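Peer 1: In terms of the numbering used here, the sequence shown has 88 at position 90, counting the first letter as 1, and numbering is strictly consecutive. Structure incoming, see below.
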Amino acid sequence: MTVAHAAELIRTARSGLALTGAGVSAESGIPTFRGEGGLWTQYDPIKVASIEYFLADPSAYWKVSKDRGRVALAARPNGGHYALAALETSGRLVAVVTQNTDGLHQDSSTRNVIELHGSGRHVQCLDCGNREARSEVQARLDVEMPPRCRLCGGGFLKPTVVLFGEPLPKAAIQQALTLARQADVMLVVGSSLVVYPAADIPAVAVRSGAQLIVINAEPTPFDELAAVVVRGKSGEVLPEIVALIDG
Ligand code: APR
Ligand code: ZN
């Protein structure tokens, strides 16, 4: 019933907006941050992923990122990513706003991806600003910890992602909020919705009259605001929704 109800709402959407979190990439093999087996159940996020700790000692971040990066760089989109791309192609979604930095929405051909927390596919030197591909750096982490800039030879390298304590890219959050205000359907997939300002997106959409759909493996603080809550795996639920719409 709930999947059919979600499909019915999405079928008639003309300015739908999706917000995704780590859960949409879980079936691509990338561990989530919270919930069962989440990264923050093993590490203190402030110690390994805040800008304050990074500047004091980049190694703590890079030691965790070495494993996570290897998995993320090898990951491929799953059925959930492709289903969201299909919903954009058929005009139901105008964009996918993501908290993820793995690039899998772009890899699955979603055209309008808004990355609230940046991209994990590049790194930047904190001294000279030189950018390198994250995959290049991955190759030398066994012998260079923390990795340093190849151009100036001294600067620490930081992935172009938003760490705790850093501002989100202004253009991304403003574009996402504008689309949230215009959304007729707000589809949240695979997010615990506990991190702000990302969680402002569904809040603004609902306040502006959007129907909220939450597809998540565990309860979220927004479930009671939702027209539909689907408790399940996005890699299974989203393709089912697309199949019902394409009927
Ligand atoms: N399908 C749907 N939902 C899933 C799946 C799945 N296959 N697997 C896990 N989930 C759910 C979990 O139950 C959890 O509620 O996805 C959610 C992921 O939540 P988080 O790990 O908190 O990820 P996210 O909401 O994206 O975190 C936001 O926090 O640490 C920061 O910057 C990081 O972008 C991240 C932000
Ligand atoms: Zn440099």
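Just so you know, even glycine gets a beta-carbon here, dropped at the ideal spot from N, CA and C. Predicted, not measured: the structure shown is a model, and the values here were computed from it.
Going by DSSP, what residue range makes up the beta strand (DSSP E) through residue 201?
Peer 2: For the purposes of this step, residue 201 is taken as the residue at position 203 of the sequence shown. Taken as a continuous stretch (DSSP letters only), residue 201 belongs to no beta strand (DSSP E), being part of the alpha helix (DSSP H) at 198 to 205.
Peer 1: Helix, strand or coil, according to DSSP, for residue 31 in the structure here?
Peer 2: Translated into the one-based positions of the sequence shown, residue 31 becomes position 33. Correct three-state label for residue 31: coil.
Peer 1: Rounded C-beta distance between residue 135 and residue 155? I'm assuming under 8 Å.
Peer 2: The residue labelled residue 135 in the question sits at position 137 within the sequence shown. The residue labelled residue 155 in the question sits at position 157 within the sequence shown. Yes, residue 135 and residue 155 are in contact; Cβ-Cβ is about 6 Å, under 8 Å.
Peer 1: So does residue 97 have its beta carbon nearer than 8 Å to some heavy atom of the ligand APR?
Peer 2: For this step, residue 97 is matched to residue 99 along the sequence shown. Yes; taking the cut-off as 8 Å, the Cβ of residue 97 has a heavy atom of the ligand APR nearer than that.
Peer 1: In terms of residues, what are the limits of the beta strand (DSSP E) holding residue 156?
Peer 2: Numbered from its first residue, the sequence shown carries residue 156 at position 158. Residues 155 to 159.
Peer 1: Taking residue 201 as the reference, give the member of 176, 238 and 146 with the closest Cα.
Peer 2: To locate residue 201, count along the sequence shown from 1; it is residue 203. Ranking 176, 238 and 146 by Cα distance to residue 201 puts 176 first.
Peer 1: Taking residue 14 as part of the beta strand (DSSP E), name the residues at either end of that continuous run.
Peer 2: Numbered from its first residue, the sequence shown carries residue 14 at position 16. Per DSSP, residue 14 belongs to the beta strand (DSSP E) from 14 to 18.
Peer 1: Rounded to whole angstroms, what's the CA-CA distance from residue 46 to residue 37? Just pull it up for me.
Peer 2: Numbered from its first residue, the sequence shown carries residue 46 at position 48. Numbered from its first residue, the sequence shown carries residue 37 at position 39. Taking the straight line joining both Cα atoms gives about 10 Å.
Peer 1: So the candidates are 214, 164 and 223; which of them puts its Cα closest to the Cα of residue 276?
Peer 2: This structure gives no information on residue 276, because the portion of the chain shown stretches from -1 to 245.
Peer 1: Could you spell out where the alpha helix (DSSP H) holding residue 190 opens and where it closes?
Peer 2: For the purposes of this step, residue 190 is taken as the residue at position 192 of the sequence shown. Residue 190 -> no alpha helix (DSSP H), and no H or E assigned at all.
Peer 1: Return the chain-ordered ranges of every beta strand (DSSP E) run that is complete within the segment 108 to 181 and spans a minimum of 3 residues.
Peer 2: Qualifying beta strand (DSSP E) stretches, in chain order: 111 to 113, 116 to 123, 129 to 131 and 155 to 159.
Peer 1: Can you tell me which of the three DSSP states residue 96 falls into?
Peer 2: As a working note, residue 96 is residue 98 in the sequence shown. Strand, per DSSP.
Peer 1: Which same chain residues, not among the five before or five after residue 163, have their C-beta less than 6 Å away from its C-beta?
Peer 2: As a first step, residue 163 is located in the sequence shown; it is residue number 165 there, counting from the start. 48, 49 and 50, listed in sequence order.
Peer 1: Could you tell me if residue 44 is buried or exposed, where buried requires 16 or more neighbouring beta carbons within 10 angstroms of its beta carbon?
Peer 2: Walking along the sequence shown from the start, residue 44 turns up at place 46. Per the 10 Å Cβ criterion, exposed.
Peer 1: If we ignore side chains and look at the alpha-carbon of each, how far apart do residue 182 and residue 58 end up?
Peer 2: Residue numbering aside, residue 182 sits at position 184 when the sequence shown is read from its first letter. Residue numbering aside, residue 58 sits at position 60 when the sequence shown is read from its first letter. Rounded to the nearest angstrom, the two C-alpha atoms are 43 Å apart.
Peer 1: How about residue 115 and residue 104: are their beta carbons less than 9 Å apart?
Peer 2: By one-based count along the sequence shown, residue 115 stands at place 117. By one-based count along the sequence shown, residue 104 stands at place 106. Not closer than 9 Å, so no.
Peer 1: Could you compute how far the alpha carbon of residue 91 sits from the alpha carbon of residue 170?
Peer 2: The residue you call residue 91 lines up with position 93 of the sequence shown. The residue you call residue 170 lines up with position 172 of the sequence shown. If you take the alpha carbons of residue 91 and residue 170, they lie about 17 Å apart.
Peer 1: Roughly how many whole angstroms lie between the Cα atoms of residue 31 and residue 172?
Peer 2: The residue labelled residue 31 in the question sits at position 33 within the sequence shown. The residue labelled residue 172 in the question sits at position 174 within the sequence shown. So the alpha carbons of these two residues sit roughly 25 Å apart.
Peer 1: Could you give the residue range of the beta strand (DSSP E) that holds residue 229?
Peer 2: In the sequence shown, counting from the first residue as 1, residue 229 sits at position 231. First-last of the beta strand (DSSP E) with residue 229: 226 to 229.
Peer 1: Helix, strand or coil for residue 40 per DSSP?
Peer 2: Residue 40 sits at position 42 when you count from the first residue of the sequence shown. Three-state result, residue 40: coil.
Peer 1: Counting beta carbon pairs with one atom in the segment 116 to 134 and one in the segment 11 to 21, are three or more of them shorter than 8 Å?
Peer 2: Taking 8 Å as the limit for Cβ pairs, the verdict is that the segment 116 to 134 does not touch the segment 11 to 21.
Peer 1: Along the alpha helix (DSSP H) that carries residue 242, what are the first and last residues, could you check?
Peer 2: If you number the sequence shown from 1, residue 242 lands on position 244. 232 to 244 is the extent of the alpha helix (DSSP H) around residue 242.
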